[in-house]
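In our numbering, the protein residues as written are 5 to 289. Here a beta-carbon is modelled for each residue, glycine too, at the ideal position from N, C-alpha and C. Below: the structure, in structure tokens.
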Amino acid sequence: MAVRGRFDLHTHSTVSDGTEASAEVVRQAAAAGLAGLALTDHDSTAGWADASEAARRAGIDLLPGVELSTRLGWRSVHVLGYLVDPADPALAAETERIRVSRRDRARRIVEAIAADYPITWDDVLAQTSAGATVGRPHIADALVALGIESDRSAAFAGVLHPRRGYVEPHHAPLPADGVRLIRGAGGVPVLAHPGATRADWVIPEEDVAALVDAGLFGIEADHPENTRDGGVRAHGLAARFGLPVTGSSDYHGSGKPNRLGARTTAPEVVDRILEQATGSAPILA
Ligand code: AMP
Ligand code: FE
Ligand code: FE
Ligand code: ZN
């Protein structure tokens with residue numbers, strides 16, 4: 005296996021909090037001149053079938069994936085899993101549990117906001133595709149539709165900011181357990197965007213060591229939301245543990261400014277992912 009060209013290994017569709025259907029994300033990636041992409045919706049593989057068909061038609065490589073929501077204390081830690089077996093019982097059960105907990109949590113957040121602003125759960129459902137992994141972005145979209153906030157980013161900085169007191173956490177496994185779940189499902193785990201948050205919000209180095217012990221493959225050190233120091237820190241982590249670096253856009257359609265291909269992954273690293281994955285097959289053009 006030897007792939008060539010530019011690969012964007014982190015994108016979202018309406019199956020989670022992206023604004024375009026998974027097939028449309030694939031078509032946009034092909035139109036952007038990428039050789040390949042990974043579809044990595046939060047805690048769901050429901051977009052894989054449509055994305056795969058679109059990839060075959062568009063003649064672009066696709067690595068089906070997932071972005072697993074994990075948590076270490078109060079820190080939210082995302083772990084990308086490439087080419088997992090979507091039917092793996094342990095992974096399927098855990099992602100289902102996270103999605104159910106996310107929905108319950110979103111309802112509670114909306115109830116809390118409704119004490120101060122005119123918003124209902126139906127307003128949020130109106131912004132959410134059937135079966136989608138519900139998150140704060142959908143509540144943000146409802147706040148925008150109601151004229152309470154001007155756009156998603158304003159909503160995250162406003163009503164949905166933790167200091168406003170409405171937001172609460174959902175169920176999430178420990179990051180090391182997330183890495184083991186992904187490996188157990190034949191997938192290849194990569195620590196998502198560790199450079200995209202303030203230094204004191206990032207998973208500490210000794211905890212990354214535990215992820216490496218659990219089977220972590222790589223670090224998503226190239227990310228458009230990296231802070232000034234965050235990118236350097238993330239590359240330092242990869243060097244410290246001798247892990248491959250990935251790059252990606254974390255595309256959310258119009259839900260974030262991140263553009264497809266804003267950061268990309270070297271084909272040599274994609275080859276190593278393809279070599280290690282046993283959970284499902286990529287679509288190769
Ligand atoms: P949640 O997992 O429900 O707490 O929501 C967090 C998700 O919201 C992240 O995975 C991002 O995809 C998205 N997000 C975070 N900050 C922003 C922002 N400022 N604008 C748009 N989307 C954001
Ligand atoms: Fe997201
Ligand atoms: Fe993420
Ligand atoms: Zn993401």
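**Request:** Look at the alpha carbon of His-142 and the alpha carbon of Ala-27, and state the distance between them as a whole number of angstroms.
**Result:** 20 angstroms
**Asked** Which same chain residues, not among the five before or five after Gly-22, have their C-beta less than 8 angstroms away from its C-beta?
**Response** Thr-15, His-16, Val-29, Asp-45, Tyr-255, His-256, Gly-257, Gly-259
**Request:** Name all residues in chain order for which at least one heavy atom of ligand 2 lies closer than 7 angstroms to the residue's CB.
**Result:** His-16, Ser-20, Asp-21, His-46, Gly-139, Pro-141, His-256
**Message:** Quick check on Phe-11: does DSSP put it in helix, strand or coil?
**Reply:** strand
**Asked** Who pairs with Pro-193 in a beta bridge, going by DSSP?
**Response** Gly-85
**Message:** Considering Cα atoms alone, identify which of Ala-96, Gly-40, Arg-232, Trp-78 is closest to Arg-60.
**Reply:** Gly-40
**Request:** Using a threshold of 7 angstroms, state whether the C-beta atoms of Leu-95 and Pro-68 are closer than that.
**Result:** no
**Helix, strand or coil at His-175 according to DSSP, with G and I counted as helix** = coil
**Asked** Looking at the structure shown, is Ile-102 part of a helix, part of a strand, or coil, going by DSSP?
**Response** helix
**Prompt:** Between Glu-153 and Ala-159, is the Cβ-Cβ spacing less than 7 angstroms?
**Reply:** yes
**Prompt:** Residue range of the alpha helix (DSSP H) that Arg-75 falls in?
**Reply:** Not the alpha helix (DSSP H): Arg-75 falls in the beta strand (DSSP E), residues 65-76.
**Request:** Would you list the one or two residues that DSSP bridges to Val-249?
**Result:** Ile-223
**Request:** Please report how far the alpha carbon of Tyr-170 lies from the alpha carbon of Ile-113, in whole angstroms.
**Result:** 6 angstroms
**Request:** For Asp-108, count neighbouring Cβ atoms within 10 angstroms of its own Cβ and tell me buried if that reaches 16, exposed if not.
**Result:** exposed
**Item:** Reduced DSSP secondary structure (H/G/I, E/B, other) of His-256
**Value:** strand
**Request:** From the DSSP output, in three-state form, read off Ala-119 for me.
**Result:** coil
**Message:** Can you tell me where the beta strand (DSSP E) holding Asp-45 begins and where it ends?
**Reply:** 40-46
**Request:** Per DSSP, which residues does Ser-80 bridge with? Please list them.
**Result:** Arg-75
**Prompt:** Does the distance from the C-beta atom of Asp-65 to that of Ala-266 stay below 7 angstroms?
**Reply:** no
**Message:** I'd like the list of long-range same chain contacts for Asn-230, defined as Cβ closer than 6 angstroms, with 5 residues on each side in sequence excluded.
**Reply:** Gly-199, Ala-200
**Prompt:** Short check: CB of Arg-106 to CB of His-165, under 7 angstroms?
**Reply:** no
**Request:** Sort Val-7, Gly-77, Leu-84, Asp-126 by Cα distance to Ser-48 and report the nearest one.
**Result:** Leu-84
**Prompt:** Quick one, which of Ala-196, Glu-272, Val-274 has its alpha-carbon nearest Ser-73's?
**Reply:** Ala-196
**Message:** So, with DSSP's three-state summary, where would you put Ile-207?
**Reply:** coil
**Message:** DSSP three-state label for Ile-152, please.
**Reply:** coil
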